[in-house]
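Below is one structure; the comments refer to it alone.
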Amino acid sequence: MKANFKLFLSLLVLGLFTLLSVGNAISRPLNSSQATTGNEVWVLDQGNVGEENAGELHIYSAIPDGKLQHDEMIDLGVAAQGIGDGAGSIPHMITFNRSGSDAIIPNMGSGHVYIMHTSDHQIVASIDVGDAAHHALPTWDDQVILVAKENEKKLGLIRTDYVFDMYSYDSKEDLDLAAYENIYNPDNAPSCPLLVGRKAYVALRGGGLYIVDTASKPMHIIKAFSKSEIAPAGCGGVYANGQVYITAGATLYVFDAKTDQLVLCKDISHWGTTAHGVIKVGLGKYLWIAMEGSEDRIIVFDTVNQVIVSEIDDIGAASGMLSASSDGQWVYATLQGPNSMTATHNGQGETPGVDVIQVLDDGADGQFWGFYNIGALSTDSPNDPHGIAVLKK
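In the working numbering, the protein residues as written are 226 to 618.
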């Protein structure tokens with residue numbers, strides 16, 4: 226980490242900004258005197274925190290000038306008690322269904338997937354789908370949740386009815402990716418699928434990628450790429466302007482969404498060893514990619530000219546996932562903790578919390594704006610922010 230970031234962080238700790246220290250309370254009230262922008266920022270702390278060491282959810286209101294106001298902290302282990310299959314562990318990712326009525330929270334330390342109402346922040350379902358629910362995301366029609374079960378090397382489906390809070394899972398519908406392992410695809414553990422219509426782009430832990438038809442019965446693979454074509458440990462993907470972008474290792478892969486042809490492999494190792502979170506900014510003209518290792522930074526990729534156009538430095542170590550405000554003016558990034566629950570060495574952070582980054586030049590650039598810590602800024606901190614998503618209220 227660069228010296229000027231450390232100096233700035235020290236000033237933050239002394240009170241330049243309002244820092245948020247996590248206690249044992251299950252929730253904290255909103256200061257209603259603050260005007261909001263209509264966005265909430267939901268952040269998962271997947272660390273050994275909370276009464277059951279089962280993680281916490283932090284909800285912030287975005288207020289003018291890029292500030293965040295901490296509204297509530299929810300102890301997920303407590304909130305899930307007595308609901309469905311009960312509490313899980315290591316809540317890793319968070320997404321919202323298409324209508325925004327519910328949050329979807331998979332637990333990587335177990336197989337639990339939570340469904341939480343965004344209106345009252347109550348968990349209404351906990352479905353144990355097996356082992357290591359790494360990611361879960363809704364289909365375009367809000368009828369199904371696709372779950373990546375990393376340790377089982379399977380994709381699962383949760384049937385959903387958000388109106389009546391009815392959810393069901395049948396393991397017979399799983400797609401067993403391990404059955405397709407061979408010398409070209411030696412480790413088919415899925416991590417972060419990307420849904421584009423009925424198709425899922427599924428990067429694999431051991432390298433390679435499958436494109437899966439999730440709406441067919443049963444689900445099936447419609448195209449396969451080997452480890453020689455797609456690097457191991459793929460994590461991160463977006464759809465923009467007819468193309469699919471997937472990060473794996475230190476490479477950005479671009480697919481034609483209609484033909485599923487791999488049209489570009491962009492080496493981005495100059496800016497870091499591992500690409501993590503990726504989002505589209507500026508109506509999809511730019512991608513922001515969080516790079517870990519060597520110099521932690523966010524790089525900006527121009528999707529029209531297919532080049533890196535800028536980099537955003539001084540954001541802190543181990544930036545995890547990214548999410549943008551609904552007006553496209555701000556990007557929020559989680560910084561993982563020094564004792565991360567899920568990261569490799571590159572993902573071990575120093576300052577667990579949330580960065581606020583101002584978007585400049587319609588997405589072509591950005592600048593660090595502020596930082597909000599989650600828990601103690603110490604080498605023994607158990608806090609480990611990872612999943613993040615912006616909800617437009």
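Positions of the beta carbon are idealized from the N, C-alpha and C atoms, including for glycine.
Among the options, which one has its Cα closest to the Cα of residue i?
i	options	result
E375	H359, H295 and Q554	H359
K452	T476, S441 and A465	T476
G518	H495, S535, L512 and K505	H495
A473	R430, N466, V268 and A357	R430
S551	V584, A440 and R522	V584
T604	P577, I582 and Q592	P577
D659	K292, F480 and M298	In the structure as shown, the chain starts at 226 and stops at 618, and residue 659 therefore has no counterpart that could be examined.
T439	T364, N407, V463 and F389	T364
S548	A260, V266, I447 and P289	V266
L434	E398, F480 and V338	F480
C417	K378, A373, F450 and G355	A373
L301	Y285, N322, S286 and A279	A279
D538	I447, E575, D590 and G502	D590
P457	K442, T499, E536 and K491	T499
Please list the terminal residues of the continuous beta strand (DSSP E) segment that includes residue i.
i	result
A328	D327 to P331
L429	That residue, L429, is in no beta strand (DSSP E); it is neither H nor E in DSSP.
D580	G578 to L585
E454	Here E454 belongs to no beta strand (DSSP E), and DSSP marks it neither H nor E.
S544	S544 to A549
H342	H337 to H342
V506	T499 to V506
L420	L419 to V421
V354	Careful: V354 lies outside any beta strand (DSSP E) and carries neither H nor E.
R323	Neither: R323 is in no beta strand (DSSP E) and is coded neither H nor E.
I408	Premise fails: I408 is in no beta strand (DSSP E) and is neither H nor E.
K374	V369 to K374
First and last residue of the alpha helix (DSSP H) that includes residue i?
i	result
A620	Within the shown structure, residues of the chain are numbered from 226 to 618, placing residue 620 beyond reach of any answer.
Do the CB positions of residue i and residue j come within less than 9 Å of each other?
i	j	result
A543	Q561	yes
M333	M516	no
I493	I514	yes
I613	G545	yes
I352	Y392	yes
L282	P331	no
L380	L362	no
G325	A357	no
V421	V469	yes
N608	G272	yes
W594	V615	no
K505	V529	no
DSSP has residue i in a bridge; who is on the other side?
i	result
T476	A473 and D492
P610	D270
A601	DSSP, once it has assigned bridges, lists no residue as partnering A601.
F389	Partner(s): none; F389 has no beta bridge.
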